[in-house]
Amino acid sequence: MKKLITFLILAYLSFTINSSATTQEKKIENKNILKIGVLLPLSGQFQDIGESFLKAIQLALYDISDENIKIYPKDSK
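If you count by our numbering, then the sequence shown holds residues 925 to 1001, one letter each, in order.
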């Protein structure tokens, strides 16, 4: 039983160390940030639609979890 627990702990540690090293390498490699400007009706008659579109865009970015994409929403007054 002790051997099994020791094996499971070592396997867990090796996977976590390996995954954290991979994550750090990706952050160092990808310094280019894609900047996307979004023109939406954030005020006025169509404010609800604009806010819904903005939330949808933010949700899509969250789903792909790419830190190299940045959106810049602006009102289309």
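By construction, the Cβ of each residue, glycine as well, lies at the ideal position given by its N, Cα and C atoms.
Cα-Cα, which of the options is closest to residue i?
{"i": "Lys-955", "options": "Gln-982, Asn-992, Phe-939 and Asp-999", "result": "Asn-992"}
{"i": "Lys-998", "options": "Lys-927, Thr-940, Ser-967 and Ile-929", "result": "Ser-967"}
Starting from residue i, follow its DSSP beta bridges and name the residues at the other end.
{"i": "Gly-961", "result": "Tyr-996"}
Excluding the 5 residues preceding and the 5 following residue i in the sequence, name in chain order all residues of the same chain whose CB lies nearer than 6 Å to its CB.
{"i": "Ile-957", "result": "Asn-992 and Lys-994"}
What does a CB cutoff of less than 7 Å around residue i pick up in its chain, not counting 5 residues either side in sequence?
{"i": "Ile-988", "result": "none"}
Round the Cβ separation of residue i and residue j to the nearest angstrom and send it over; I've been treating them as touching at under 8 Å.
{"i": "Lys-959", "j": "Tyr-936", "result": "No, Lys-959 and Tyr-936 are not in contact; Cβ-Cβ is about 39 Å, not under 8 Å."}
{"i": "Leu-978", "j": "Leu-964", "result": "6 Å"}
{"i": "Val-962", "j": "Ile-981", "result": "6 Å"}
From which residue to which residue does the alpha helix (DSSP H) around residue i run?
{"i": "Lys-979", "result": "971-988"}
Excluding the 5 residues preceding and the 5 following residue i in the sequence, name in chain order all residues of the same chain whose CB lies nearer than 8 Å to its CB.
{"i": "Leu-985", "result": "Ile-993 and Ile-995"}
{"i": "Ser-1000", "result": "Leu-963, Leu-964, Pro-965, Leu-966 and Gly-974"}
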